[in-house]
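Visitor: After the structure tokens below, expect a handful of questions from me.
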Amino acid sequence: MTAPASSETLMEDIVGLCKRRGFIFQSSEIYGGYNGFYDYGPLGVELRNNIKQAWWRDMVQRRDDIEGLDSTIIMHPKIWKASGHVDGFSDPMVDCKESKLRYRADQLFFAPVNVDGETIGYVSVVECIDQQEVAEKAAAEMKRKMAKQGELGPIVLKDYTESKPEEHALIPSPATGKPGSLTEPREFKLMFETKVGPLADESAVAYLRPETAQGIFANYKNIVDTGRVKIPFGIAQIGKAFRNEITPRNFIFRSREFEQMEIEYFISPNADWKTLHREWIDTCTDWLVSIGLDRDGITEDIHPEDKLAFYSQATTDLMYQFPHGEQELWGIACRGDYDLKQHQEHSGKSMTIFDEAAKEKYVPHVIEPSLGVDRTLLAVLTAAYTEDEVPNDKGVAEKRLVLKFSPKIAPYKAAIFPLLKNKPELVERATALYKRLQRRWNVFYDASGAIGRRYRRQDEIGTPYGITIDFDTIEKDGTVTLRDRDTCEQRRVTEDELFKFLEEQIDG
RNA sequence: GCGGGUAUAGUUUAGAGGUAAAACAUCUGCCUUCCACGCAGAGGUCGUCGGUUCGAUUCCGUCUACCCGCACCA
Numbered sequence: 187m188t189a190p191a192s193s194e195t196l197m198e199d200i201v202g203l204c205k206r207r208g209f210i211f212q213s214s215e216i217y218g219g220y221n222g223f224y225d226y227g228p229l230g231v232e233l234r235n236n237i238k239q240a241w242w243r244d245m246v247q248r249r250d251d252i253e254g255l256d257s258t259i260i261m262h263p264k265i266w267k268a269s270g271h272v273d274g275f276s277d278p279m280v281d282c283k284e285s286k287l288r289y290r291a292d293q294l295f296f297a298p299v300n301v302d303g304e305t306i307g308y309v310s311v312v313e314c315i316d317q318q319e320v321a322e323k324a325a326a327e328m329k330r331k332m333a334k335q336g337e338l339g340p341i342v343l344k345d346y347t348e349s350k351p352e353e354h355a356l357i358p359s360p361a362t363g364k365p366g367s368l369t370e371p372r373e374f375k376l377m378f379e380t381k382v383g384p385l386a387d388e389s390a391v392a393y394l395r396p397e398t399a400q401g402i403f404a405n406y407k408n409i410v411d412t413g414r415v416k417i418p419f420g421i422a423q424i425g426k427a428f429r430n431e432i433t434p435r436n437f438i439f440r441s442r443e444f445e446q447m448e449i450e451y452f453i454s455p456n457a458d459w460k461t462l463h464r465e466w467i468d469t470c471t472d473w474l475v476s477i478g479l480d481r482d483g484i485t486e487d488i489h490p491e492d493k494l495a496f497y498s499q500a501t502t503d504l505m506y507q508f509p510h511g512e513q514e515l516w517g518i519a520c521r522g523d524y525d526l527k528q529h530q531e532h533s534g535k536s537m538t539i540f541d542e543a544a545k546e547k548y549v550p551h552v553i554e555p556s557l558g559v560d561r562t563l564l565a566v567l568t569a570a571y572t573e574d575e576v577p578n579d580k581g582v583a584e585k586r587l588v589l590k591f592s593p594k595i596a597p598y599k600a601a602i603f604p605l606l607k608n609k610p611e612l613v614e615r616a617t618a619l620y621k622r623l624q625r626r627w628n629v630f631y632d633a634s635g636a637i638g639r640r641y642r643r644q645d646e647i648g649t650p651y652g653i654t655i656d657f658d659t660i661e662k663d664g665t666v667t668l669r670d671r672d673t674c675e676q677r678r679v680t681e682d683e684l685f686k687f688l689e690e691q692i693d694g
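So in our numbering, spot 287 of the first sequence is number 473, and the numbers just go up one at a time.
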């Protein structure tokens, strides 16, 4: 009867619901919107905060081996030099206007073809293992086609970033083999730049962080020196990060301003990192299930060794079935000692730690579980979005839209209703209960309209429980009705039972 | 960035070269003893800028945003 959203839920349904109910708005909407930026409305900010709080509680506060951190968004530019982001995060790109293909300029190679010292044309090739061979074959082919006699000169491949402007019109596109369709190399800076201090010259250039991880590495020494930490231990951080994505797409899945929840978990270089990696993958999966994702919807994508980033020993992504397809949700990477070694080298400060248990000194290796808040929120919305049918007062089945959030992360935990608005004794009793509950949880009070309509409204924003004050409450035993969002079933409970129940469901 | 499509109330849509309509939602009032009840009221410079025209929300162009594909995503 119920169809868990996942694949058959259209992104548009979720976007529409988010707008209609005040979860997520497009940034700067009154000025026509701003590509890649989103704002969180009254319900969205509650959901988002609840996700972050659940993560912080489970990963930091309820663990003995992880410390928290909150570092700045703008840090010393040398950090990004050391991490490799300044060099690696801005790639000049070249487009082929004819084939619509795009190449990274440093992966597109070309060479002039010389016959008896005369340049008869150019060949180009996309970076590959046998690129020299491919280029030489193309050059020989060109010589043959042009029916040139003479000695073919050596083919010296250079990448496109080394090309001279006058050569651009002569270099063919690898896709078409014809010259003239390639654009000038254009820089796509993936880090946002700003200037720090009153002087706006080059020396003042600083970056908005493209990840929170480097703030952790930069503070590693501080925490080792002050935190009484012992290997293995982790440092966790939640914070905004910024990437000037070429194409932000798919709602909040890829945006230019986003928030990360990252842990750097430091281990001995001699540790069995494969086992520890596996443990982290399981911990992360369990956590996603605990906030309401379907375990069957989570799959593991193990990056093949030859495709790994240069710093990585192993990476496994937890994938989730989003409305736009199965996509990366949580990356769990074994980064070795690359980052700490880089900072040790660039800063000149020792990043070694003395391992009391093993009586040895080393730069620890690190496992990095890195999760996006916004992606998690989208996954939670996807998992929660459900259309089912419930009978109305005439017994006819009617469509119902319900967000089945886990009580832990639901924006409102419960809604309190007086059965009727025009009976002061009901309103008074309901208001009193509302005030009591509000001291502890984010709850909602609603007196207007038919009771059924009020239930449905709460269903659509994912409030797990409805509490109704009726005539039995004030005339008989003081019990209230507790209505379950997912089953629509009701039962009578005393106020004490109510508090105990909510405590178990929400804080448990 | 490229190609294609779209843009009308909070949402989903209708509409005609002559200053706009429906359903649902929202808010207010009345009514209502448990799953979208009923009645009365409230809301729009038709995405932006420009052009054609006596007159443009409608036709044309620019920009912006969104959707689909390609490419990109250390």
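We treat Cβ as the ideally placed atom computed from N, Cα and C, and that holds for glycine.
Small disclaimer: the values here were computed from a predicted structure and weren't measured.
#1: For I488, does the count of other Cβ atoms within 10 angstroms reach 16, so buried, or fall short, so exposed?
#2: From M261, R642, N628, T538, pick the residue whose C-alpha is nearest to that of K416; which is it?
#3: Kindly indicate which residue of S441, L494, G648, A392 has the alpha-carbon position closest to the one of G208.
#4: Near E337, which residues of its chain fall below 6 Å by C-beta distance, leaving aside the five closest residues on each side in sequence?
#5: Count the other C-beta atoms from every protein chain shown that fall within 10 angstroms of the C-beta of C470, then say buried if there are 16 or more, exposed otherwise.
#6: Using CA atoms only, rank isn't needed, just tell me which of T412, P340, Y346, R429 is closest to F378.
#7: The beta strand (DSSP E) spanning D541 covers which residue range?
#8: Since T572 is in the alpha helix (DSSP H), which residue starts that stretch and which ends it?
#9: Reducing DSSP to helix, strand and coil, say where N300 ends up.
#10: Please list, in chain order, all residues of the same chain as A326 whose beta carbon is under 8 Å from its beta carbon, the five residues on each side excluded.
#11: Roughly how far, in whole angstroms, is the beta-carbon of L196 from the beta-carbon of P509, given that I think they are within contact range, below 8 Å?
#12: Along the chain, where does the alpha helix (DSSP H) that runs through G638 open and close?
#13: Write down the C-beta distance between I449 and L255 rounded to the nearest angstrom, noting that I regard them as a contact closer than 8 Å.
#14: Please state whether the Cβ-Cβ distance between L563 and L233 is less than 8 Å.
#15: Nearest to T654 by alpha carbon, out of R586, Y631, K621, D645?
#16: Tell me the rounded alpha-carbon separation between P418 and Q530.
#17: Can you give the Cα-Cα distance for I216 and E646, rounded to whole angstroms?
#18: Could you tell me if L688 is buried or exposed, where buried requires 16 or more neighbouring beta carbons within 10 angstroms of its beta carbon?
#19: Does the stretch 430 to 446 touch the stretch 507 to 522, meaning 3 or more C-beta pairs lie closer than 8 Å?
#20: So, are the CB atoms of E573 and L589 less than 8 Å apart?
#21: Is the number of C-beta pairs between the stretch 657 to 671 and the stretch 564 to 583 that are closer than 8 Å three or more?
#22: Quick check on the DSSP output: the beta strand (DSSP E) that includes Y631 runs from which residue to which?
#23: With a threshold of 16 other CB atoms inside 10 Å of the CB of H463, please say whether the residue is buried or exposed.
#24: For M187, which three-state DSSP category applies?
#25: What's the C-alpha gap between T188 and I259?
#26: Below 8 Å CB to CB, which residues in the same chain sit around N405 once its five sequence neighbours on both sides are set aside?
#27: State the start and end residues of the unbroken alpha helix (DSSP H) segment that holds Y651.
#28: Does the Cβ-Cβ distance between I210 and Y226 come in under 8 Å?
#29: Hey, how far is the Cα of I477 from the Cα of A596?
Guide: With the structure as the only source:
#1: Reading the first sequence from its first residue, position 302 is the one you call residue 488. It is exposed - the Cβ of I488 has fewer than 16 other Cβ atoms within 10 Å.
#2: Here residue 416 refers to the residue found at position 230 when the first sequence is read from its first residue. Answer by Cα proximity: T538.
#3: The residue given as residue 208 occupies position 22 in the first sequence. It is G648 whose Cα lies nearest to the Cα of G208.
#4: Within the first sequence, residue 337 is the residue found at index 151, counting from 1. Once the five neighbours on either side are set aside, the close Cβ partners of E337 are D302.
#5: Here residue 470 refers to the residue found at position 284 when the first sequence is read from its first residue. A buried status is given to C470, since no fewer than 16 other beta-carbon atoms sit within 10 Å of its beta-carbon.
#6: Counted from its first residue, the first sequence places residue 378 at position 192. Comparing Cα-Cα distances from F378 to each of T412, P340, Y346, R429, the minimum goes to R429.
#7: Indexing the first sequence from 1 puts residue 541 at position 355. Unbroken beta strand (DSSP E) run through D541: 539 to 541.
#8: Taking the first residue of the first sequence as 1, we reach residue 572 at position 386. From DSSP, T572 is part of no alpha helix (DSSP H) but of the beta strand (DSSP E) over 571 to 577.
#9: Stepping through the first sequence from its first residue, residue 300 is reached at position 114. For N300, the secondary structure class from DSSP, reduced to helix, strand or coil, is strand.
#10: Counting from 1 along the first sequence, the entry for residue 326 is found at position 140. Answer for A326: L338, listed in chain order.
#11: Position 10 of the first sequence holds residue 196. Position 323 of the first sequence holds residue 509. That pair is a contact at about 6 Å.
#12: Residue numbering aside, residue 638 sits at position 452 when the first sequence is read from its first letter. Counting along the chain, the unbroken alpha helix (DSSP H) around G638 starts and ends at 637 to 646.
#13: Start at 1 with the first residue of the first sequence, and residue 449 comes out as number 263. Start at 1 with the first residue of the first sequence, and residue 255 comes out as number 69. Incorrect: roughly 10 Å between the Cβ atoms, too far for contact.
#14: Residue numbering aside, residue 563 sits at position 377 when the first sequence is read from its first letter. Residue numbering aside, residue 233 sits at position 47 when the first sequence is read from its first letter. Taking 8 Å as the Cβ cut-off, L563 and L233 qualify as a contacting pair.
#15: As a first step, residue 654 is located in the first sequence; it is residue number 468 there, counting from the start. The option with the nearest alpha carbon to T654 is Y631.
#16: Counted from its first residue, the first sequence places residue 418 at position 232. Counted from its first residue, the first sequence places residue 530 at position 344. Whole-angstrom Cα-Cα distance: 20 Å.
#17: Counted from its first residue, the first sequence places residue 216 at position 30. Counted from its first residue, the first sequence places residue 646 at position 460. Going by the C-alpha atoms only, they are around 26 Å apart.
#18: Sequence index remark: in the first sequence, residue 688 carries index 502 (1-based). That one is buried.
#19: yes
#20: Here residue 573 refers to the residue found at position 387 when the first sequence is read from its first residue. Here residue 589 refers to the residue found at position 403 when the first sequence is read from its first residue. No, the Cβ-Cβ distance between E573 and L589 is not below 8 Å.
#21: no
#22: The residue labelled residue 631 in the question sits at position 445 within the first sequence. Here the beta strand (DSSP E) through Y631 covers 629 to 631.
#23: Stepping through the first sequence from its first residue, residue 463 is reached at position 277. When all chains shown are included, H463 counts as buried.
#24: For the purposes of this step, residue 187 is identified with residue 1 of the first sequence, where counting begins at 1. Bear in mind that a pLDDT of 29 at M187, under 50, signals an unreliable position, so the number given afterwards is only what the model happens to contain. Coil, per DSSP.
#25: As a first step, residue 188 is located in the first sequence; it is residue number 2 there, counting from the start. As a first step, residue 259 is located in the first sequence; it is residue number 73 there, counting from the start. Residue placement at T188 cannot be trusted, given a pLDDT of 31 that sits under 50; the coordinates are not used to answer.
#26: Along the first sequence, read from residue 1 onward, the residue named residue 405 stands at position 219. L255, S257, I421.
#27: Locating residue 651 in the first sequence gives position 465, where the first residue counts as 1. Taken as a continuous stretch (DSSP letters only), Y651 belongs to no alpha helix (DSSP H), being part of the beta strand (DSSP E) at 651 to 655.
#28: The residue you call residue 210 lines up with position 24 of the first sequence. The residue you call residue 226 lines up with position 40 of the first sequence. Yes, these two residues count as a Cβ contact at 8 Å.
#29: Against the first sequence, residue 477 aligns to sequence position 291. Against the first sequence, residue 596 aligns to sequence position 410. Cα to Cα, I477 sits roughly 10 Å from A596.
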